[in-house]
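All remarks here apply to the structure that follows.
In this note's numbering, the protein residues as written are 4 to 243.
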């Protein structure tokens, strides 16, 4: 059984109330809920939230009812890992043991259905502890990310013995993005944080990996989401 999960708080410092705010005519969370409900591999969909309004909306859409998340998981310092563990435990108490816990960040609405199915396929083929969405980083600590030493002088952040004079010579590095995570439930239960086990990347194109964390992010994502809709690559269900 595959549990599809979205975790959203009612508060946000960067964009207040963003998870339920309308973007391109629909609540932000709905762009991710659609992809969970439409994926035939996902058996149960659940939203973990501290918002009664969002919970009511999720239940109307057909999500499993696990109630509101505990207060200690509703702060801006609560770890994503702990939210996942609580949601997994609450879901399994109702529907039984899960084979995969799949999470989508509501703030990454530019993902496409193939990103969700691709991460699930990779997880089922490789059986790691977790598949984590990543994008190829535009900056590289072996080449063009610098830091200052004690004297204030700049140096490459991670110098290699023979130096790197071109991006192509540098080791590949990724940005961790919240497009999709596929997690082994046993790993989620026993580990204390994301990277304790074998975590492998699922690479998502940069143009689909943008995350909304500021008003500027919102404006950019709204433009790109509108472009997806106009180009017909994004299905738009009836307005909710």
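Even for Gly, the Cβ is constructed at its ideal location relative to N, Cα and C.
As assigned by DSSP and simplified to three states, the class of residue i
| i | result |
| --- | --- |
| residue 229 | helix |
| residue 12 | coil |
| residue 121 | helix |
| residue 139 | strand |
| residue 26 | strand |
| residue 108 | coil |
| residue 145 | coil |
| residue 67 | strand |
| residue 35 | helix |
| residue 86 | helix |
| residue 223 | helix |
| residue 91 | helix |
| residue 74 | helix |
| residue 243 | Model confidence at residue 243 stands at a pLDDT of 46, short of 50, so the residue's coordinates are unreliable; what they give is reported in the following sentence. Coil at residue 243, not helix or strand. |
| residue 174 | coil |
| residue 116 | helix |
| residue 131 | coil |
| residue 98 | helix |
| residue 213 | coil |
| residue 163 | coil |
| residue 188 | helix |
| residue 57 | helix |
Residues near residue i in its chain [Cβ-Cβ closer than 7 Å; skip 5 each side]
| i | result |
| --- | --- |
| residue 72 | 51, 52, 53, 86 and 89 |
| residue 152 | 158 |
| residue 62 | 68 |
| residue 160 | 144, 148, 149 and 150 |
| residue 199 | none |
| residue 172 | none |
Own chain, CB closer than 6 Å to residue i, minus 5 neighbours either side, in chain order
| i | result |
| --- | --- |
| residue 196 | 84 |
| residue 221 | 18 and 215 |
| residue 118 | 182, 183 and 207 |
| residue 238 | none |
| residue 42 | 119 |
| residue 46 | 4 and 5 |
| residue 209 | 138 |
Residues near residue i by beta carbon distance below 8 Å, same chain, minus five either side
| i | result |
| --- | --- |
| residue 201 | 131, 132 and 133 |
| residue 65 | 40 and 48 |
| residue 31 | 21, 22, 23, 24, 25, 109, 110, 112 and 215 |
| residue 135 | 179, 184, 197, 202, 203, 204 and 205 |
| residue 170 | 143, 146 and 147 |
Short Cβ contact (8 Å threshold) for residue i with residue j
| i | j | result |
| --- | --- | --- |
| residue 205 | residue 109 | no |
| residue 26 | residue 116 | no |
| residue 120 | residue 44 | yes |
| residue 23 | residue 59 | no |
| residue 203 | residue 213 | no |
| residue 162 | residue 91 | no |
Contact test: residue i Cβ vs the ligand HEM heavy atom, cutoff 7 Å
| i | result |
| --- | --- |
| residue 100 | The model depicted lacks the ligand HEM and carries no ligand whatsoever. |
Nearest-angstrom Cβ-Cβ length linking residue i and residue j, presumed shorter than 8 Å
| i | j | result |
| --- | --- | --- |
| residue 16 | residue 77 | About 14 Å separates the two Cβ atoms, so there is no contact after all. |
| residue 211 | residue 114 | 6 Å |
| residue 167 | residue 190 | About 34 Å separates the two Cβ atoms, so there is no contact after all. |
| residue 74 | residue 14 | With a Cβ gap of about 12 Å, residue 74 and residue 14 do not count as contacting. |
For this session: Evaluate the contact criterion for the region 5 to 19 versus the region 96 to 106: three or more CB pairs, one atom per stretch, below 8 Å.
Result: They touch, by the three-pair rule.
Exercise. Between the region 120 to 129 and the region 210 to 230, do three or more beta carbon pairs fall short of 8 Å?
Worked result: Contact fails: fewer than three Cβ-Cβ distances are below 8 Å.
Exercise. Is the region 139 to 150 in contact with the region 171 to 182, if contact means three or more CB pairs nearer than 8 Å?
Worked result: A contact exists between the region 139 to 150 and the region 171 to 182.
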